[in-house]
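K.L.:
Quick one: the structure is below, and I'll ask about it shortly.
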Amino acid sequence: GTGASNDLYINQAVVFIEDAIQYRSINHRVDSRSLWLYRRYYSRTWQWILSLTITIILALAFIEKPSSLTITSDVRYRLPAWNPPCGLTESIELLCFLVFVVDVAVKSYLIGWEEFWKNKWLMAYILTLIVSLTDWTVSLSYFCTENVRIRRILRPFFLLQNSSMMKKTLKSINSTLPEMASVVLLLAVHLSLFTMFAMLLFARTKDGQQDKEWMRYFRNLPDSLTSLLVLLTTANNPDVMIPAYSKNRAYSIFFILFTVLGNLFLMNLLTAIIYNQFRGYLLKSVQSSLFRRRLGIRAAFEVLLSLKDTPANAQQSYVSVGALLQVLQKVEMDSRCKQAIMRSLKISSCDQLSATQFQKLFEELDKDAIKQHPPSPEYQSRFMQKMQFAFGHPYFGYLGNVVALANIVSICVVLVMDADKQPSERDDFFLGAINCFFILCYLLEMLLKILAMGLKRYLSYPSNRFDGLLTVILLVLEIATFAAYGFPHPGWRPEFMGLLSLWDMVRLVNMLIVFRFLRIIPNMKFMALVVTTLLDLVKNLRAFAGILVVVFYAFAITGIMLFKGAVVPLGNTRLNYIKKVVVVVVLYFKEKCDFMARSGRFQADAIYCLLRLLSVHLICRWAKIYFVAWWLISSVIWVNLFVALLLENFIHKWDRRCHREPLSDIEYQRTVELMFRDVLEEPTEEELMEKLHQHPHLQLCR
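The UniProt record's numbering numbers the first residue of the sequence shown as 1 and each following residue consecutively.
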């Protein structure tokens, strides 16, 4: 009937608007049953279950064999770790796989068969589940004794595919790889050329006394490449050049040229290329997100046109305000945006909305989130008004900063004076007295600010919450110290009573006081700009942190499988094997390096070469590939990506600071999509309508 059709159109509009809010694709089924399932799938409950499942399956690596449930990682001192019995972690893993199977089945049904074959992520999701379940079956058939578990390396994929922003980021990184590959290739050429030069410069000579550089760093091609690759990271600088430099100062020119060309030019060129290319691809990604939002809003407008009570107009289509109000009542969106749209509707006082007006209403989603601070209390007494003016003035905050600085200086003076004294010789009377005085000052400052601003307004500022929390903690610690050791007096020395000694209590208080000095950051504009840039990166760029977790996790699991048992404690069953290796190495040195023994340097050099042999030859010479790959991905590519994003965020903040100074009572909060809002292009109506007509499940009335 008409009522059922109208309900369907309202529900379709609700889902399309929610898709627009979350930057989701609208290419999914739009019948009543599918819409109900779609909203349940993207509900907080199911998404929370899915996130919990991903967390659990990633955390299994910490309790699976080899277990990480030990206090120390040193094989010499740690007790045998508890390893779960076969079937325990596998049962938990199976439950997680069942959740993922339900997840992929619902996703596949909602988007339809046609869209399924276009979705590479969904097909990769299914393939990962098939491989994981097959590997899980193999594990049980071997009673959990197999060493290689492929499914453990694949686990980060579940985290990756669950985040649309992480997938966009990964796509941007993938698009940037060709440009990065050119510079990495140039780095490889640079490394290869200098390796050949090094092998020619530091070739073996007849005088064994002068061959230290050759023996330690440039003995063969793999060792030479490794030495210069490590020098590119500056990890072995200046150790790698010391033997040659001791022989002739002119050899330092070779290492200086290598470092300058590699570190100062090529590595910084890589940063510039990544910043330039990745910013462009990220901008395109954000542009596509904007298109999705506009498309979702326009789709909601188009389906509302199908309502039976929609006013007819031959020249232009209109949607009734009443229909939009019905939709807004059902939509799950931020209360701030919903209230702003409601206010705009009341102000406009019109009964019909065109497509342009409809789209303009929802531009509220693109605006900065504004946090308004509560008003200060209004006192009737003239004396209280003067108190409020005095203690609410910015100069009172500056005075608090001066007091905090004086506290830091006094602590530094006392620490320098007591640096060389034994604990029994220290007298903590002066330090305890000044701490007590300054903590009372902090308490008085906090109370006066609350009096001037009111409790709600005081707590609305993050800097005040930071100050207040540390002041309360300091006060509690000071009271606990006085209860255990009495008030400060001459001869107030550290002694152990209860949980902490007096010296530990005083040190803890001093550390918190030093930490409290960070309150000056909001008063220094440039420092505040830097800190807010870092905080915005933490809040808004979680996708990059997620990909970093994926990379760390995959390399950690791979490293466990590759190097399992490489480090063994003394007394282990492999000790006899190691003794045989030591005998072989000593015989080798006796035959090949007799000159070391004659010069009294045999033992030290033998130990050095033995360590190199154990770390490289006994494990596998190919292990270097693992560590080089880790360095390339984590240090070269990922660190430069982070620098590029840091620069972009900082430049954006700097530009906004130069063009607009925010009011004192307003805080602006921006998401990563809004970082590029000023340079994004609005999609045209033709583009939106063309995309809507390509929708596989939606039939428009026009």
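Virtual Cβ for every residue (Gly too), placed ideally from N, Cα, C.
Going by C-alpha distance, which of 214, 366, 391 is nearest residue 287?
P.N.:
366
K.L.:
Taking buried to mean at least 16 other C-beta atoms within 10 Å of its own C-beta, is residue 155 buried or exposed?
P.N.:
buried
K.L.:
Pick from 133, 235, 230, 255: whose alpha carbon is nearest that of residue 241?
P.N.:
Closest option to residue 241, judged by alpha-carbon separation, among 133, 235, 230, 255: 255.
K.L.:
Checking 8 Å against the spacing of the C-beta atoms, do residue 52 and residue 550 come in under that value?
P.N.:
No, the Cβ-Cβ distance between residue 52 and residue 550 is not below 8 Å.
K.L.:
Sorted by chain position, which residues of the same chain lie with C-beta nearer than 7 Å to residue 344's C-beta, five sequence neighbours on each side aside?
P.N.:
Closer than 7 Å at the Cβ level, and outside the excluded window around residue 344, lie 361.
K.L.:
How is residue 319 classed by DSSP in three states: helix, strand or coil?
P.N.:
Three-state result, residue 319: strand.
K.L.:
Assuming residue 327 contacts residue 300 under a Cβ cut-off of 8 Å, what Cβ separation, rounded to an integer in Å, is found between them?
P.N.:
Confirmed, about 7 Å.
K.L.:
Answer yes or no: do residue 407 and residue 358 have a C-beta to C-beta separation smaller than 8 Å?
P.N.:
no
K.L.:
Determine the DSSP secondary structure at residue 599, reduced to helix, strand or coil.
P.N.:
With a pLDDT of 38 at residue 599, under the threshold of 50, the modelled position of that residue is not reliable, and the figure given next carries that caveat. Correct three-state label for residue 599: coil.
K.L.:
Can you look up residue 353 in the DSSP assignment and give me helix, strand or coil?
P.N.:
strand
K.L.:
Determine the direct distance from the alpha carbon of residue 342 to that of residue 332, and round the result to whole angstroms.
P.N.:
14 Å
K.L.:
Identify, in the order they occur along the chain, each residue of the same chain with its Cβ nearer than 7 Å to the Cβ of residue 436, setting aside the five sequence neighbours on each side.
P.N.:
478, 488
K.L.:
Any idea what DSSP makes of residue 388, helix, strand or coil?
P.N.:
helix
K.L.:
Measuring alpha carbon to alpha carbon, tell me which of 334, 632, 236, 688 ends up nearest residue 183.
P.N.:
Nearest C-alpha to residue 183: 632.
K.L.:
Considering only their Cβ atoms, is the gap separating residue 409 from residue 430 smaller than 8 Å?
P.N.:
No, the pair does not count as a contact, with Cβ atoms beyond the cut-off.
K.L.:
CB-CB under 7 Å to residue 212, same chain, minus the five flanking residues each way: which ones, in chain order?
P.N.:
243
K.L.:
Which residues does DSSP list as the beta-bridge partners of residue 326?
P.N.:
None; residue 326 has no bridge partner.
K.L.:
Less than 8 Å separating the beta-carbons of residue 375 and residue 457?
P.N.:
yes
K.L.:
Could you give the distance in angstroms between the alpha-carbon of residue 65 and the alpha-carbon of residue 306?
P.N.:
60 Å
K.L.:
Relative to the alpha-carbon of residue 373, which residue among 454, 88, 643 has its alpha-carbon at the smallest distance?
P.N.:
With distances taken between Cα atoms, residue 373 lies closest to 454.
K.L.:
Using the Cβ count rule (16 or more neighbours within 10 Å means buried), how would you classify residue 148?
P.N.:
exposed
K.L.:
Pairing CB atoms from the stretch 110-121 with CB atoms from the stretch 133-142, are three or more of them under 8 Å?
P.N.:
no
K.L.:
Alpha carbon to alpha carbon, what distance is there between residue 686 and residue 129?
P.N.:
Near 41 Å, if we compare the C-alpha coordinates of residue 686 and residue 129.
K.L.:
Taking residue 363 as part of the alpha helix (DSSP H), name the residues at either end of that continuous run.
P.N.:
Where residue 363 is concerned, there is no enclosing alpha helix (DSSP H), given that its DSSP letter is neither H nor E.
K.L.:
Do residue 27 and residue 693 have their C-beta atoms closer together than 8 Å?
P.N.:
Using a Cβ distance threshold of 8 Å, residue 27 and residue 693 do not count as a contacting pair.
K.L.:
For the alpha helix (DSSP H) containing residue 713, name the first residue and the last one.
P.N.:
Past the boundaries of the shown model lies residue 713; the chain is included only from 1 to 702, so the question cannot be answered.
K.L.:
Quick check: the Cα distance between residue 176 and residue 21, rounded to an integer number of angstroms?
P.N.:
28 Å
K.L.:
Tell me the DSSP secondary structure of residue 610 in three-state form.
P.N.:
Per-residue confidence for residue 610 stands at a pLDDT of 35, beneath the threshold of 50, marking its modelled position as unreliable; no derived number is given.
K.L.:
Let me check understanding here. Comparing Cα to Cα, which of 699, 543, 651 lies closest to residue 169?
P.N.:
543
K.L.:
Using a Cβ-Cβ cut-off of 6 Å (strictly less than) and excluding sequence neighbours within five positions of residue 317, which residues of its own chain qualify?
P.N.:
305
K.L.:
What is the C-beta distance between residue 41 and residue 106, in whole angstroms, given that I count them as a contact (C-beta under 8 Å)?
P.N.:
5 Å
K.L.:
Could you tell me the distance, in whole angstroms, from the CA atom of residue 226 to the CA atom of residue 15?
P.N.:
When rounded, the distance between both Cα atoms is 56 Å.
K.L.:
Can we say the stretch 378-389 touches the stretch 456-470, given the rule of at least three CB pairs closer than 8 Å?
P.N.:
no
K.L.:
Considering only residues of the stretch 4-30, which uninterrupted alpha helix (DSSP H) runs meet the minimum length of 4 residues and lie entirely inside it, listed in chain order?
P.N.:
Runs of the alpha helix (DSSP H) inside the stretch 4-30: none found.
K.L.:
Could you tell me how far apart the beta carbons of residue 259 and residue 231 are, in whole angstroms, since I believe they sit closer than 8 Å?
P.N.:
Right, the Cβ-Cβ distance comes to about 7 Å (below 8 Å), so this counts as a contact.
K.L.:
Is residue 379 helix, strand or coil when you go by DSSP?
P.N.:
coil
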